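Structure representation (structure tokens):
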């Protein structure tokens, strides 16, 4: 999913900027909210279903709920979209995503023991 966003930011940066703008404008303008409301829950439902399936397969820590995982993914994806919209640098966004993957697998920080 994150890789797809990275590819989209390279190929169609205007799409990412548009989606980010619509979501923020919908909160300020009731007419925009009314227009996007019928499709606004679609992504959330897809993400939630993916998260529920991951839990069913035992792929997550038992203390993480499907809703919490969906919220984390939403924050990550919207944050990446916003980052790309602000900096308009697909290469930088791609490097960020590579670094985030290392963070997710615990490879970013070198931990040493003083003992």
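Numbering (UniProt numbering), first residue to last: 1 to 115.
Cβ atoms here follow ideal geometry from the backbone N, Cα and C, with glycine treated the same way.
Since we're looking at a predicted model, the values are computed, not measured.
Check	Outcome
Nearest-angstrom Cα separation, counted from residue 62 out to residue 55	8 Å
Neighbourhood of residue 17 by C-beta, 7 Å cutoff - its chain only, sequence neighbours within 5 removed	85
Residue nearest to residue 74 in terms of C-alpha spacing, selected from 93, 88, 46	46
Cβ neighbour criterion (16 or more within 10 Å) applied to residue 70	buried
Three-state secondary structure assigned by DSSP to residue 65	coil
Whether residue 96 touches residue 80 by CB criterion (9 Å)	yes
Extent of the continuous alpha helix (DSSP H) to which residue 95 belongs	90–104
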